[in-house]
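Visitor: Residue numbers (our numbering): 1084 to 1664.
Please find one structure pasted underneath; my questions will follow.
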Ligand SMILES: [Ca+2]
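Here's what the structure looks like:
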């Protein structure tokens, strides 16, 4: 009798679709209204577990249904910063996850904080409707979908969708499927005191909202440090969500969005001290070392050349000329910038180690998929790079070297570029330096230890991946509104150890942000820089670092890819003029 009830259609706003056959009818049609009644929910879960047991608790292949999921997103972390991706920064915890799990060599983000977050959260490419707002009523979030099959959900850290846009719905995480939220609701904050206003050379803004669920926090303890606070909140959620009297066996989805190592450069003195002198060799030497280590680690082909720096081509806000190391005027400050950045990454890695310990302490590590990646490449932003007044204000504000609560500094163009070694450019650009991310997936007993996969993937793939892992059926509607269908592809088979299919690795991927464009299909990638304003074509199989433009040799391939990009731009509303987000 109970099974019949469970198979009845849900009448809630998040009703599952009606067209596709679910692979597990018990779970895929699990009504959200049951979640409102703890007793019925417990009974329903026990029925699910019994049914799943009778099928061997497995879906296709060897992957069990409904693992816990922890999705960790770093902010403005470069491709080769962490140790297991060739970096010199001490990241033993991420290195351990990589050694016990899988590394992706060709995974992509959206090139900048908001486009990545919007796509990763919704499974669809950004739609440029209603100015630059990217989260719309006809999109579902991963948390909303996972909740349809009983997941407990929380988001920690950076959210980055508007909080006060008059005339449009305000979406806090708790409005979009997350049971619990703690963090900076917009782009970044002072790490030691999020209530401190931004300096006048940055945007001069008052502090951005820092929320616990829907309440704004305006006071922070003296020993507050954002990275540690986010780590601690995620651990609290692991403790609260792990199996027990209150939670039963309901799985959890924790989205841990660190702001590290996004500017401002703030780190604890003991972490900064660890990196004193580590960057004295300068930009070019560090790039060469990282390039070699990436080859030694098997993460890039041995024939891959180290790319040169790009010249400044115009007045685009994110187009910077590079200064050679021997021409740097204030070496103490310049070295210190990267030392503090490394300390911020180190602190995040320490936090990830504590998160893993919490999983082990709660005895849920074996059934938890942990994924780590970055939202865009290293950032080259700099206060007033071409503005004398802003430079003066920056110098006045930053009387001391970067690191403390009273400073506000950035790594600047050269270190931002180094962070993406061996690739070209940085955040906001669609060369590999802007959009290629390290990605680690860890799931003991399910993902082969030490595996490196060449699967080409994109943050648009998380929604179908999590939908498959959870056994959810993707709903047709949200609050009575038809929703966009997921535009990515599940990478569960890759996690299981299968080689990426030819079809999967040949599909199209698209980017458009700040006037920069890119399209990848298989080995081919076309890039359009908003200052050069022309397409370039690269064969990434032999030239991952985009050093040889072969568009004149392959005009038909280029034409096909341009047409595909134009169709995508039309479909998603991406503007062909200007360089706005
Ligand atoms: Ca970012």
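Positions of the beta carbon are idealized from the N, C-alpha and C atoms, including for glycine.
Taking C-alpha atoms, which residue in 1389, 1306, 1373 lies nearest to residue 1629?
Guide: 1389
Visitor: Comparing C-alpha positions only, which one of 1570, 1197, 1226, 1416 sits nearest to residue 1152?
Guide: 1226
Visitor: Report all residues from its chain with a CB closer than 6 Å to the CB of residue 1340; omit the five preceding and five following residues, and keep chain order.
Guide: In its chain, beyond the 5 residues on either side, 1156, 1240, 1241 have a beta carbon closer than 6 Å to the beta carbon of residue 1340.
Visitor: Between which two residues does the alpha helix (DSSP H) holding residue 1549 run?
Guide: 1545 to 1553
Visitor: Tell me which residues share the same chain as residue 1301 and place their Cβ nearer than 7 Å to its Cβ, disregarding the 5 neighbours each side in the sequence.
Guide: Around residue 1301: 1278.
Visitor: Give me the Cα-Cα distance between residue 1267 and residue 1307, rounded to the nearest whole angstrom.
Guide: 14 Å
Visitor: Residue 1162 and residue 1523 - do their beta-carbons sit closer together than 9 Å?
Guide: no
Visitor: Can you have a look at residue 1368 and say buried or exposed, based on whether 16 or more other CB atoms are within 10 angstroms of its CB?
Guide: Counting Cβ neighbours within 10 Å, residue 1368 comes out exposed, since fewer than 16 surround it.
Visitor: Under the rule that 16 or more other beta-carbon atoms within 10 Å means buried, what is residue 1142, buried or exposed?
Guide: Low local confidence applies: a pLDDT of 44 at residue 1142 is under 50, so the model's placement there is unreliable, with the coordinate-based value given in what follows. Buried: at least 16 other Cβ atoms inside 10 Å.
Visitor: Whole angstroms is fine: what's the gap from residue 1498's alpha carbon to residue 1538's?
Guide: Straight-line measurement puts the Cα of residue 1538 at about 29 Å from the Cα of residue 1498.
Visitor: Please confirm whether residue 1148 and residue 1553 have their CB atoms less than 9 Å apart.
Guide: yes
Visitor: Beta-carbon within less than 8 Å of residue 1617's beta-carbon, same chain only, minus the 5 sequence neighbours each way: which residues are those?
Guide: Cβ within range, chain order: 1611.
Visitor: Going along the chain, which unbroken runs of the beta strand (DSSP E) with 3 or more residues stay wholly within the stretch 1202 to 1271?
Guide: 1235 to 1240, 1263 to 1267
Visitor: Excluding the 5 residues flanking residue 1165 on each side, which residues of the same chain have their C-beta closer than 8 Å to its C-beta?
Guide: 1172, 1174, 1177, 1178, 1428, 1432, 1521
Visitor: Going by alpha carbons, who is nearest to residue 1621 out of 1589, 1461, 1514?
Guide: When the alpha-carbon of residue 1621 is set against those of 1589, 1461, 1514, the nearest one is in 1514.
Visitor: Here's a check: name, in chain order, each residue in its chain whose Cβ is nearer than 8 Å to the Cβ of residue 1382, leaving out the five neighbours to either side.
Guide: The beta carbon of residue 1382 is closer than 8 Å to those of 1168, 1169, 1186, 1188, 1535 in its chain, skipping five residues each way along the sequence.
Visitor: Can you grab the Cα-Cα spacing for the pair residue 1484 / residue 1352, in whole Å?
Guide: 12 Å
Visitor: Please look up how many angstroms separate the CB atoms of residue 1598 and residue 1661, rounded, as I've assumed it's under 8 Å.
Guide: 6 Å
Visitor: Could you say which of 1466, 1378, 1527 lies nearest to residue 1666 if we only look at CA atoms?
Guide: In this structure the chain extends from 1084 to 1664, so residue 1666 is not present and cannot be described.
Visitor: Excluding the 5 residues preceding and the 5 following residue 1614 in the sequence, name in chain order all residues of the same chain whose CB lies nearer than 7 Å to its CB.
Guide: 1396, 1397, 1399, 1402
Visitor: Are the Cβ atoms of residue 1342 and residue 1434 separated by less than 9 Å?
Guide: no
Visitor: Need the endpoints of the alpha helix (DSSP H) that residue 1577 sits in, please.
Guide: For residue 1577, the enclosing alpha helix (DSSP H) begins and ends at 1575 to 1578.
Visitor: Output the residue ranges of the alpha helix (DSSP H) runs that lie fully inside the stretch 1583 to 1632 and measure 4 residues or longer, sorted by chain position.
Guide: If we require 4 residues or more, the alpha helix (DSSP H) runs fully inside the stretch 1583 to 1632 come out as 1585 to 1589.
Visitor: Taking 6 Å as the limit between beta carbons, can you name the residues of its chain near residue 1288, skipping five residues before and five after?
Guide: 1281
Visitor: From 1384, 1348, 1416, pick the residue whose C-alpha is nearest to that of residue 1360; which is it?
Guide: Selected option, being the one with the closest Cα: 1416.
Visitor: Going by the C-beta, is residue 1542 closer than 8 Å to any heavy atom of ligand 1?
Guide: no
Visitor: Determine the burial state of residue 1285: buried for a count of at least 16 other Cβ atoms within 10 Å of its Cβ, exposed for fewer.
Guide: buried
Visitor: Distance, Cα to Cα, residue 1292 vs residue 1245?
Guide: Using only the alpha carbons, I get a separation of about 10 Å.
Visitor: Is it a yes or a no for the stretch 1493 to 1513 touching the stretch 1580 to 1591, going by three-plus beta-carbon pairs under 8 Å?
Guide: no
Visitor: Return yes when the Cβ of residue 1192 is within less than 9 Å of the Cβ of residue 1566, no when it is not.
Guide: no
Visitor: Return the Cβ separation of residue 1605 and residue 1518 in integer angstroms, given the expectation that the two are a contact with Cβ distance under 8 Å.
Guide: Actually they are not in contact, since the Cβ atoms of residue 1605 and residue 1518 sit about 16 Å apart, beyond 8 Å.
Visitor: Thinking just about the alpha-carbon of each residue, which of 1228, 1378, 1422, 1298 is nearest to the one in residue 1336?
Guide: 1228
Visitor: Can you look up residue 1665 in the DSSP assignment and give me helix, strand or coil?
Guide: The structure shown does not extend to residue 1665, since the chain is modelled only from 1084 through 1664, so no value can be given for it.
Visitor: Give me the DSSP bridge partner(s) of residue 1313.
Guide: DSSP output for residue 1313 lists no bridge partner at all.
Visitor: Would you mind working out which of 1569, 1545, 1556 sits nearest residue 1577, comparing C-alpha positions?
Guide: Ranking the options by Cα distance to residue 1577, first place goes to 1545.
Visitor: I'd like the list of long-range same chain contacts for residue 1464, defined as Cβ closer than 6 Å, with 5 residues on each side in sequence excluded.
Guide: Around residue 1464: 1493.
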